Amino acid sequence: MSERRSLPVPDGLEGERLDAALSRLFGFSRTRAAELIADGEVLVDGRQPAKSDRVRGGAWLEVTLPPPPTTPMPVAEPVPGMTIVYEDDDILVVNKPIGVAAHPTVGWTGPTVIGGLLGAGHTIATSGAAERQGIVHRLDANTTGAMVVAKSEHAYSHLKRAFKERTVDKRYHALVQGHPDPFRGTVDAPIDRHPSGDGRFAVVAGGKPSVTHYDTIEAFRAASLLDIKLETGRTHQIRVHMSALRHPCAGDLFYGADPTLAARLGLTRQWLHAVALGFEHPSTGEWMSFSTDYPADLQKALDLVRQES
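Residue 290 in UniProt numbering sits at position 290 of the sequence shown; the count goes up by one each step and never skips.
Okay, structure coming up:
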């Protein structure tokens, strides 16, 4: 159900564009704010404004807020290309293919890891929100590789704590443009949503602490293959940090990658793969490590960049 909100514009927003002011006041994106303005759902001092109008402190603002979107539930259907690396009574380790989200989210209509597991008849822990039960960490939809899912409630609690306390060894390989200087280093830079509100994340003062360690495995003429260890696990962390270094993941047009290089290598997504995952088993305490091979599209691009060097 829609909600009507009426309030004065805070003095601290004096001079802001209306779409930016709405974004700051209500926490949605500037794009969504512009849509509400265009739909006539926003009045300033009783008149319909333009999104680029500058607001005045104390002006009377009336906004009809849409109902919050409902999170979709998992659809139990097998996911082609998703393989089981390991399974026991507590955990499942999968090799996630391209184009698969960890769990359902608003706006995502494609396949999910949890839906694929349920569709294949696997039992998943019931802990966590209904749409992401058993999910203890995530990979971007177009990032492939190793991902662990909890089957038992005990495993869910144990693994959630392990990820929070940073005792899980998360290893990625990334093919990035150019040559990072130094070849081995650490990026310690806070991450939060990009001010543009377009779905990107960015290094932002006051963002969440984010630490990425990288080491160059192999350097080519146009790119470098990196081994990356995550100390934290922010959304798009590797992609954001590599872009901030001006060495975005090859093929990652969303974060500034060169489209010419992407086309030459046949990449339609970021060259980023969760190559290994290590953690203490929730029941036995034994340290377990799992690794996954590069998928065909990433291997082909790597072979091409090697041939060019």
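Backbone N, C-alpha and C fix where the C-beta goes; we use that ideal spot for every residue, glycine too. Please read all numbers here as calculations on a predicted model, not as lab measurements.
- Of the candidates 279, 293, 105, the residue whose Cα lies closest to the Cα of residue 287 is 279.
- If you compare the alpha carbons of 142, 18, 169, 29 with that of residue 148, the shortest gap goes to 169.
- Within its own chain, the residues whose Cβ lies closer than 6 Å to the Cβ of residue 126, once the five positions on either side in sequence are excluded, are 133, listed in chain order.
- Across the set 90, 64, 293, 250, the C-alpha of 250 shows the shortest separation from the C-alpha of residue 175.
- Taking the Cα of residue 218 as reference, the smallest distance to any Cα among 302, 194, 245, 260 is reached at 302.
- Contact between residue 55 and residue 9 holds: their C-beta atoms lie close to 5 Å from each other, under 8 Å.
- For residue 156, no beta strand (DSSP E) encloses it; the enclosing alpha helix (DSSP H) starts and ends at 153-164.
- Looking at 19, 183, 235, the one whose alpha-carbon comes closest to that of residue 214 is 183.
- In this structure, 124 is the residue among 124, 139, 141 with its C-alpha nearest to the C-alpha of residue 150.
- Considering only 12, 79, 247, 194, the residue with the shortest C-alpha distance to residue 121 is 79.
- Annotated three-state conformation of residue 270 is coil, per DSSP.
- Across the set 19, 37, 240, the C-alpha of 240 shows the shortest separation from the C-alpha of residue 270.
- Short of 8 Å from the beta carbon of residue 129, and not among the five residues preceding or following it, lie these beta carbons of its own chain, in chain order: 71.
- Nearest C-alpha to residue 202 among 98, 285, 256, 294: 256.
- Straight-line spacing of the CA atoms in residue 32 and residue 17 works out to 14 Å.
- By the neighbour-count criterion, in which 16 or more other beta carbons inside 10 Å mark a residue as buried, residue 74 falls on the buried side.
- Relative to the Cα of residue 30, the nearest Cα in the group 173, 194, 109, 14 belongs to 194.
- Shown here for residue 197: same chain residues with a beta carbon closer than 7 Å to its own, the five before and five after excluded, namely 23, 29, 30, 31 in chain order.
- Secondary structure of residue 299 (DSSP, three-state): helix.
- The C-alpha of residue 290 lies about 8 Å from the C-alpha of residue 85.
- By the CB criterion at 9 Å, residue 77 and residue 105 fall outside the cutoff.
- Annotated three-state conformation of residue 9 is coil, per DSSP.
- Taking C-alpha positions only, residue 192 is separated from residue 200 by approximately 9 Å.
- Following the DSSP letters along the chain, one finds residue 201 in no alpha helix (DSSP H) but inside the beta strand (DSSP E) bounded by residues 201-203.
- Going by beta carbons, residue 187 and residue 167 fall outside the 9 Å limit.
- Collapsing the DSSP output to three states places residue 290 in a strand.
- Around the beta carbon of residue 205, a 10 Å sphere encloses fewer than 16 other beta carbons of the protein chains shown; the residue is thus reported as exposed.
- Spatial neighbours of residue 135 in its own chain (CB-CB distance under 7 Å, excluding positions within 5 residues in sequence) are listed in chain order as 102, 103, 114, 128, 149.
- Looking from the CA of residue 12, the closest CA among 37, 52, 58 belongs to 58.
- Of the candidates 39, 52, 63, the residue whose Cα lies closest to the Cα of residue 46 is 63.
- Excluding residues up to 5 positions away in sequence, 308, 309 lie with their Cβ nearer than 7 Å to the Cβ of residue 221 in the same chain.
- Between residue 274 and residue 268, the C-beta gap is not smaller than 9 Å, which leaves the two residues out of contact.
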